[in-house]
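Quick mapping for you: the protein sequence lines, in order, are chains A and B. Per numbering that gives the first Met the number 0, residue 0 is the first one in the first sequence, and the count goes up by one each step. Per numbering that gives the first Met the number 0, residue 0 is the first one in the second sequence, and the count goes up by one each step. Even for Gly, the Cβ is constructed at its ideal location relative to N, Cα and C.
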Amino acid sequence: MTITHETEPTTTAPVIPAWRRVVGSRVSWMPVLAAVALLLIMFAAAQAYFGRFITPGVISSLFVDNAYLIVLAVGMTFVIITGGIDLSVGAVMAFTGVLAAFLLTNGVPTALVVTIMIPTGALFGLLIGILVQYFDVQPFIASLVGMFLARGLCYVLAPRAIKVSDVGVLGLQSTKIGGGGWYITATVIIALAVVIIGAWVLGYTRFGRTVYAVGGSEQSARLMGLAVARTKVLVYVVSGACAGIAGLLFTAYTAAGYSLNGIGTELDTIAAVVIGGTLLTGGSGYLVGSLAGVLVYGVIKTAISFLGVDQSWTRITIGILLLAFVVVQRLIVARANRR
Amino acid sequence: MRPFLKSVLKNRILWPIGALVALILINFISRPSFLSITVQNGQFYGSLIDILRNSAPLMLVSLGMCLVIGTRGIDLSVGAQMAISGAVALTIIADSPTPNSLGTVMIAILAGVALTLLFGLWNGFLVSVVGIQPIIATLVLMLAGRGIALLITNGFITTINSTPYQFIAGGYIFGFPFEFLVSLVAIVVVGLVVRRTALGVLTESVGINPAASRLAGVRSRGIVWSLYGLSGLLAGVAGILYSSNIMAADANAAGVNIELDAILAVVLGGTSLAGGKFTLAGTVVGVFTIQTLTSTITFLGVPPAVTPVFKAIVVIIVCLSQSRRVRAWLSNLRPPMRRLPSDVVTPIERTAA
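In structure tokens form, the structure reads like this:
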């Protein structure tokens, strides 16, 4: 029998060292920090290899070229934190783009078109959310329905690419603000605004906290009296609305609405979000991480075009990175469960 | 209701068969020649035969997918694996001095299928040993796989001239298309192995409750691992069929979205994505339904790119018909009399799936 020297023998809680308490409370940030670290390492490595990688032009175009992906990743993060998945984002983005191009060529004013795009995306999200929540359809299948529907409707609306020549929409992309090699476009400002608003909603609003609660344990959230059903529908609406915004940015970027735009974008988005440290099991993740994940994707793409090798290496590299991050996440979750 | 009628109505395969019959009827009414099968040179021809033949790649992929879904998993990489096996086989044939010899073709096919078997086992390793979620474990290969296939073909669309290879998709045996016979053999072999041995039951037990089946002594790791391998193998064969059909290895187009069609076929057939009880017969019906739908749409003169809209509508209808909420509504519509205590509809449990 050992003699304890504790001053308060009534305390039953185990004594945790202070450093461990600090690390423990930050454990959900670990994957995000890993993503940011990866991004910095990749920048450093690319700079060391190419010599002229960290330049204002490259970094500016990194944001400009991936603005739509950033917006998609924001919506996807909401969905994945609840433990769901949204495969429809690429198709919905293409559909809102085609719809916009279609309306613009028929003389609908720009402001009206832009205000139609976002609710249209949200409508697809609403359909998926209702299927998931009220009809027990798995998120995978429900969002697949959304994807099929959006892709097919694209083609119904416009079989061929529609050129967009509207000054208001194209101005989002072509107006460059900045100096000394740095530049920023309205599309980037919109994308970053979406990230900031999304981060605020996730971190500081009742809805955002419920999103985490639902992902952590749906049953507990329900027993706590949180609006689980409403939240689970709303995350898909958020994702759909983000796809609508992304449709606007993508239309400004490509200057056309085309039914085959953005095929496979949903996979890039999911990969970026997972690399950014959001757990697919739900309950944990931050928009900062998703932003870092998209930038990692962008850096890989840029580095591969710098190397001048086949672009198919982009997907291979993303696949390998995704694997590495998922294995690391798996280890983190396994350790957390053991504790 | 009489017990027989009741058991028929409760059968999960009823809805998919109903959908298939309805589709065939629509076709028959709009074009009576749909059901006719003609014989030329001892070979069968007709729309139905075309459907049987064209459904072969999807059938192979869906069989593997059905088993994987039975273990609570999913395999998103099948389309990419089709691209890989086609790329390997056609590159070997194109590089060989004797593209018309049977030996070369056999080696090429074996190499392609062996590689996808390895990739399937790799997926299985990630899922069963490392413990990664199936969606993500197979997403890795889905993303990287097409890139690998492009590297194998050096970014080109490899085309070949090889009579034995052409036979795979174009040939006939006993009057039936060889491609259909391949899928028929796959159905029979998989069906026998799964349902005449304990493998099927063990798979279902792993899918229904992995922890409990492990405690009961089921070696779930080996089962899950090998089923992903099987899915890779079948996808490899499907890739061979596809590339033989167009006599080209197109890494970007081979098996695009086939994983979604396969999942759809499995779900249409009445297997729940939540894992557990699966039905191979339902999957077979699901595949035929999707293939008939595709050819119906083509026949009706609708551009193929609009096909997704119809698929979406079919999925919504089938998913809703399987949903407990809708079933509860429907049974509330019936007159409430003569309801036995055992018939009382259980309230919808709104627990986490």
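query, result
"Between B:S35, B:L66, B:T37, which has its C-alpha nearest L279 (chain B)'s C-alpha?", "B:L66"
"What number of angstroms, rounded off, separates the C-alpha of A148 (chain B) from the C-alpha of A82 (chain B)?", "6 Å"
"When the cut-off is 8 Å and only beta carbons count, does A93 (chain A) lie next to chain B?", "no"
"Per the contact definition of three or more C-beta pairs closer than 8 Å, is the stretch 72-92 of chain A in contact with the stretch 276-289 of chain A?", "yes"
"DSSP three-state label for I131 (chain B), please.", "coil"
"Mapping the DSSP letters down to three states, classify V163 (chain A) as helix, strand or coil.", "coil"
"Could you tell me whether the stretch 142-156 of chain B touches the stretch 235-249 of chain B, using the rule of 3 or more Cβ pairs below 8 Å?", "yes"
"Using the three-state DSSP reduction, which class does F43 (chain B) fall into: helix, strand or coil?", "strand"
"Could you list which residues in chain B have their beta carbon closer than 8 Å to that of A270 (chain A), in chain order?", "L138, L142"
"Using C-beta distances below 7 Å, list every residue in its chain close to P340 (chain B), excluding the 5 sequence neighbours before and after it, in chain order.", "In this prediction, P340 (chain B) scores a pLDDT of 48, lower than 50, which makes its location untrustworthy; the coordinate-derived value is nonetheless stated afterwards. Closer than 7 Å at the Cβ level, and outside the excluded window around P340 (chain B), lies no residue."
"L266 (chain A) and L138 (chain B) look like a contact to me (Cβ under 8 Å); what is the Cβ gap, rounded to whole Å?", "7 Å"
"S322 (chain B) versus chain A: which residues are under 8 Å apart at the beta carbon?", "F134, D135, V136"
"With a 10 Å radius around its C-beta and 16 neighbouring C-beta atoms as the bar for buried, classify R159 (chain A) as buried or exposed.", "exposed"
"Taking just the CA atoms, how far does A100 (chain A) sit from G106 (chain A)?", "10 Å"
"List the DSSP bridge partners of T158 (chain B).", "B:A247"
"Can you tell which of A:A34, A:C153, A:L61 has its C-alpha closest to the C-alpha of A90 (chain A)?", "A:C153"
"Since S322 (chain B) and F134 (chain A) are thought to touch, with beta carbons under 8 Å apart, how far apart are those beta carbons, to the nearest angstrom?", "4 Å"
"Can you tell me the Cα-Cα spacing of N122 (chain B) and G144 (chain B), whole angstroms?", "12 Å"
"Grab me the residues of L57 (chain B)'s own chain with a C-beta within less than 8 Å of its C-beta, minus the 5 sequence neighbours each way, in chain order.", "A237, I257, D260, A261, A264, V286, I289, Q290"
"Work out the CA separation of D64 (chain A) and G297 (chain A) for me, nearest whole Å.", "8 Å"
"Spell out whether any CB of chain A is found under 8 Å from the CB atom of A210 (chain B).", "no"
"Chain B partners of R329 (chain A), CB-CB under 8 Å?", "V129, G130, I131"
"Any C-beta of chain B sitting closer than 8 Å to the C-beta of S311 (chain A)?", "yes"
"Relative to the alpha-carbon of V168 (chain A), which residue among A:M75, A:T109, A:L233 has its alpha-carbon at the smallest distance?", "A:T109"
"Would you identify the three-state DSSP class for I73 (chain B), choosing helix, strand or coil?", "coil"
"What are the boundary residues of the alpha helix (DSSP H) that includes R195 (chain B)?", "Unbroken run through R195 (chain B): none, as it is neither H nor E."
"Do the stretch 36-45 of chain B and the stretch 220-227 of chain B meet, that is, are 3 or more Cβ pairs less than 8 Å apart?", "no"
"Residues of chain B with a CB under 8 Å from the CB of L321 (chain A): which are they?", "I135, L138, V139, L142"
"From which residue to which residue does the alpha helix (DSSP H) around M75 (chain A) run?", "66-80"
"So, for W181 (chain A): in the same chain, excluding its five sequence neighbours on each side, which residues have a beta-carbon less than 7 Å away from its beta-carbon?", "P55, S59"
"How big is the Cα-Cα spacing for S87 (chain A) and V129 (chain B)?", "29 Å"
"Between V308 (chain B) and chain A, is the shortest Cβ-Cβ distance under 8 Å, so that the two count as touching?", "yes"
"Any beta-carbon of chain A closer than 8 Å to the one on P302 (chain B)?", "yes"
"Quick check: what's the CA-CA separation for I315 (chain A) versus L140 (chain B)?", "8 Å"
"Does the beta carbon of V401 (chain A) come closer than 8 Å to any beta carbon on chain B?", "Because chain A in this structure spans residues 0 to 338, residue 401 (chain A) falls outside the shown range and cannot be described."
"Under the rule that 16 or more other beta-carbon atoms within 10 Å means buried, what is V20 (chain B), buried or exposed?", "exposed"
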